[in-house]
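Here the protein sequences come in this chain order: Z and C.
Residue numbering for the first sequence follows the working numbering, beginning at 659 and increasing consecutively.
Residue numbering for the second sequence follows the working numbering, beginning at 74 and increasing consecutively.
Quick notes on the structure that follows.
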Amino acid sequence: MTRRLSSSLSSSIGKKALMSVTGLLLIGFLVVHLAGNLTLFSDDTGEHFDAYSTKLMSFGPLLTLAEIGLAVLFVVHLALGLRVTFENRAARAQRYALERDRGSRSFASSTMLVTGCLVLVFVVVHLLDFRFRERASDGLAAMVVRRLSEPAGVLIYLVGVTALGIHLSHAFRSALQTLGLNDTRFDRPLVRLGRVLAIGLGVGFALFPLILFSGARKHTQAAAQAPAPVEVPADVPAVEEAQR
Amino acid sequence: MSSDHAAHAPSSAPNAPHALRFVLHVWRQKNAQSTGEFATFHLDDVSPDMSFLEMLDVLNERLIAAGDDPIAFDHDCREGICGACSLTINGQPHGFERETTTCQTHMRRFEDGATLYIEPFRANAFPIVKDLVVDRSAFDRIIAAGGFVSARTGSAPDANALPVPKGDADRAMDAAACIGCGACVASCKNASAMLFVSAKVAHLSLLPQGQAERGRRVLSMVERMDAEGFGNCTNESECEAACPKGISVANIARLNREYLRALATES
Ligand code: HEM
Ligand code: FES
């Protein structure tokens with residue numbers, strides 16, 4: 659039984675089902691992440707955003723557990739994405755002299771590996787920017803604002819969210835089909851939800867580089883013009899602050 | 074053999090006013106081991122009433138008369154029901170016409186003077202036998218793995234003795250329209266056989282006779298499909314667009330459902 663289950667999960671349908679479940683869970687994370695990030699715009703000082711981040715940090719080991727969970731989802735999804743893509747290329751050794759699509763193959767659907775890899779690169783940069791860097795003394799919001807006021811930062815973030823939006827525009831619909839939810843009574847509302855999510859997440863995350871770079875917010879200008887503060891003493895990490 | 078045959082040997086009919094001209098690039102390959110290449114033929118007296126296969130017949134007669142090897146291509150019923158005809162025209166299995174097999178495609182549907190690339194269905198799981206003929210026995214082995222009902226179902230029962238909801242009957246009939254030609258594999262960029270397998274699985278899983286083996290069937294057929302070297306489905310619906318019988322990708326959603334259900338319930 660267990661052998662059957664594991665071998666069935668590595669079948670063509672099993673692999674795709676795992677990809678879609680991990681992908682959908684990652685989308686779930688993105689929704690929460692975006693909602694949290696939007697607190698950056700809810701005041702002019704970045705206090706709400708910093709409070710939100712401090713609150714998250716206060717979960718300590720639970721937060722670490724969630725981070726490990728996310729990393730596992732990401733790695734499983736990515737590994738299967740690579741495997742599926744290479745198997746698919748190998749399934750037709752000799753290609754047609756002439757190729758003409760006439761189904762619903764699209765730019766997004768034919769570039770899933772490329773957009774996925776762009777998201778991967780972006781996520782690494784993003785984590786190095788904000789997760790694995792010492793917290794500045796003037797808060798995380800200020801760090802974000804500074805990063806997204808640099809042309810290089812804006813470029814990287816815009817490319818990252820654009821790739822994500824394109825990836826998701828095929829991904830959600832595809833996942834519904836992979837999980838067998840199409841052609842059921844749920845499919846219409848779900849397809850609509852997918853469209854809202856792909857556009858919502860793409861546009862939502864794009865707001866940060868766009869708004870911060872344009873300097874449309876007051877705290878933006880202040881933080882962007884302020885020089886980066888000197889290093890925080892290493893023995894006062896934000897977690898401890900939160901626990902007080 | 075990069076030949077440029079001028080296959081306009083005198084034909085019996087003088088150039089009729091409506092005769093069409095075509096340049097054909099036809100894939101020629103001796104056998105599975107050899108590497109093939111295109112051979113070019115110029116036809117300038119094609120009747121608009123010919124089917125695509127009749128056009129190839131006429132070309133072959135000329136090749137034979139000239140002492141050349143005729144082009145091998147698959148065909149049987151020539152009325153769109155057996156699924157034997159299997160070539161691609163300009164990169165599209167069965168040509169550009171929707172829901173039409175190659176044998177039912179007529180030369181009048183092509184633009185006069187057009188250049189046509191004629192290739193075999195290409196997929197590792199469908200090795201080339203010769204020229205345009207490919208070995209599609211992988212489909213037979215998938216069916217042999219479970220695409221049947223092994224219980225004796227007796228003679229036809231009275232109508233309504235076995236109640237089947239109208240919707241299910243319609244869906245099963247639509248799925249059963251699959252003629253197993255392999256155009257789905259040929260059109261899929263992943264050479265995936267999901268549309269074929271899904272049509273067979275959907276057909277049987279929707280009907281009462283198919284219930285006893287429902288879970289085991291789908292697991293075995295998918296296992297066989299993977300072992301044959303077909304690719305994975307990426308949900309781009311090229312298969313549905315290429316299918317001469319209009320089999321819907323809704324069947325693939327059903328196949329996925331059936332598979333995941335069997336995974337959870339079959340011991
Ligand atoms: C936040 C990040 C990501 C999310 C939310 C996400 C989401 C999804 C979803 C929901 C699918 C649909 C699965 C299906 O077809 O059933 C998918 C497909 C895919 N993903 Fe991702 N993905 C992400 C990152 C990545 C990364 C980093 C890669 C890099 C390798 C990747 C590669 C792919 C590929 C190749 C497919 C296409 C699979 C196919 O169509 O068969 N994804 N993604
Ligand atoms: S020859 Fe039978 S379907 Fe074309």
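Just so you know, even glycine gets a beta-carbon here, dropped at the ideal spot from N, CA and C.
Residue j beta carbon less than 8 Å from that of residue i
| i | j | result |
| --- | --- | --- |
| C/Ala256 | C/Ala315 | yes |
| C/Val119 | C/Leu93 | yes |
| C/Ala55 | C/Phe221 | For residue 55 of chain C there is no data in the structure shown, the boundaries of chain C being 74 and 340. |
| C/Glu301 | C/Gly219 | no |
| Z/Arg831 | Z/Val849 | yes |
| Z/Phe707 | Z/Leu721 | no |
| C/Asp122 | C/His179 | yes |
| C/Thr188 | C/Val96 | yes |
| C/Glu341 | C/Lys262 | Residue numbering for chain C in the displayed model covers 74 to 340; residue 341 of chain C lies beyond these limits and cannot be assessed. |
| C/Thr305 | Z/Glu745 | In the sequence as presented, Thr is not what sits at residue 305 of chain C; that position holds Asn. In this structure, Z/Glu745 lies closer than 8 Å to C/Asn305 by Cβ. |
| C/Val237 | C/Ser159 | no |
| C/Thr338 | C/Gly283 | no |
| C/Leu235 | C/Pro281 | yes |
| C/Cys251 | C/Ile154 | no |
Cross-chain neighbours of residue i in chain Z, by beta carbon under 8 Å
| i | result |
| --- | --- |
| C/Leu333 | Ile671, Ala675, Leu837, Gly838 |
| C/Asp299 | Ser669, Ser670 |
| C/Gln165 | Arg758, Arg760 |
N-terminal and C-terminal residue of the beta strand (DSSP E) that residue i is part of
| i | result |
| --- | --- |
| C/Glu192 | 188-192 |
| C/Glu110 | 110-119 |
| C/Arg94 | 93-101 |
| Z/Ile824 | Element bounds for Z/Ile824: not the beta strand (DSSP E) but the alpha helix (DSSP H), 809-836. |
| C/Val202 | 201-203 |
Terminal residues of the alpha helix (DSSP H) in which residue i lies
| i | result |
| --- | --- |
| Z/His691 | 670-695 |
| C/Arg290 | 287-300 |
| Z/Thr773 | 770-788 |
| C/Pro230 | It is not in any alpha helix (DSSP H) - C/Pro230 carries neither H nor E in the DSSP assignment. |
| Z/Ile869 | 845-872 |
Partners in chain Z for residue i, counting only beta-carbon separations shorter than 7 Å
| i | result |
| --- | --- |
| C/Leu292 | Ser666 |
| C/Arg101 | Chain Z residues near C/Arg101: none, gap ~13 Å exceeds 7 Å. |
| C/Arg330 | Gly838 |
Under 8 Å from the C-beta of residue i: neighbouring residues of chain C
| i | result |
| --- | --- |
| Z/Val803 | Going along chain C, no residue has its Cβ under 8 Å from Z/Val803, so there is no contact; the nearest lies around 40 Å. |
| Z/Leu848 | Residues of chain C passing the Cβ test: none, with the nearest at roughly 12 Å. |
| Z/Ser832 | Thr307, Asn308 |
| Z/Arg853 | Correct list: empty, because the minimum Cβ distance to chain C is about 16 Å. |
| Z/Leu767 | The identity of residue 767 of chain Z in the sequence shown is Ser, whereas the question assumes Leu. Residues of chain C passing the Cβ test: Thr307, Asn308, Glu309. |
| Z/Leu663 | Leu336 |
Contacts of residue i in chain C (Cβ-Cβ under 7 Å)
| i | result |
| --- | --- |
| Z/Asn695 | Ordered by position in chain C, no residue passes the 7 Å Cβ test against Z/Asn695, which lies about 30 Å from the chain. |
| Z/Arg750 | Arg195, Ala196, Asn197, Ala264 |
| Z/Asp841 | Ala323, Ala326, Arg327 |
| Z/Glu745 | Gly304, Asn305 |
Chain-ordered chain Z contacts of residue i [CB-CB under 9 Å]
| i | result |
| --- | --- |
| C/Glu311 | Asp759, Arg760, Gly761, Ser762, Arg763 |
| C/Thr161 | Tyr754, Leu756 |
Chain C residues whose Cβ lies nearer than 9 Å to that of residue i
| i | result |
| --- | --- |
| Z/Glu705 | Residues of chain C passing the Cβ test: none, with the nearest at roughly 45 Å. |
| Z/Val742 | Asn263, Gly304, Asn305, Thr307 |
Cβ-heavy atom distance, residue i to the ligand ZN, below 7 Å
| i | result |
| --- | --- |
| C/Gly220 | In the structure on display, the ligand ZN does not appear, and the ligands it does have are the ligand HEM and the ligand FES. |
- Decide yes or no for the touch test of the segment 269-284 of chain C against the segment 185-202 of chain C: beta carbon pairs closer than 8 Å, at least 3 of them. Taking 8 Å as the limit for Cβ pairs, the verdict is that the segment 185-202 of chain C does not touch the segment 269-284 of chain C.
- Is the segment 802-822 of chain Z close to the segment 757-777 of chain Z, with three or more CB pairs under 8 Å? At 8 Å Cβ cutoff, the stretches touch.
- Would you call the segment 142-156 of chain C and the segment 169-178 of chain C touching, i.e. three or more CB-CB distances under 8 Å? Enough Cβ pairs lie closer than 8 Å, so yes.
- Query: Between the segment 246-263 of chain C and the segment 285-296 of chain C, are three or more C-beta pairs nearer than 8 Å?
  - Reply: The segment 285-296 of chain C and the segment 246-263 of chain C do not touch, with fewer than three beta-carbon pairs separated by less than 8 Å.
- Message: Just to confirm the assignment: which complete alpha helix (DSSP H) runs, minimum length 4, are found wholly within the segment 702-748 of chain Z?
- Response: The qualifying runs are 705-715, 719-748.
- Message: Between the segment 681-689 of chain Z and the segment 825-841 of chain Z, can you find at least three pairs of beta-carbon atoms closer than 8 Å?
- Response: With three or more CB-CB distances shorter than 8 Å, the segment 825-841 of chain Z counts as touching the segment 681-689 of chain Z.
- For the 8 Å Cβ check, are there 3 or more pairs between the segment 686-696 of chain Z and the segment 780-795 of chain Z? With the cut-off at 8 Å, the segment 686-696 of chain Z and the segment 780-795 of chain Z do not touch.
- Message: Does the contact criterion of 3 or more C-beta pairs under 8 Å hold for the segment 751-767 of chain Z versus the segment 714-728 of chain Z?
- Response: In short, these stretches do not touch, since the Cβ pair count stays below three.
- Query: Quick check: the segment 840-860 of chain Z against the segment 791-805 of chain Z, are there 3 or more CB pairs under 8 Å?
  - Reply: Result no; under three Cβ-Cβ pairs closer than 8 Å.
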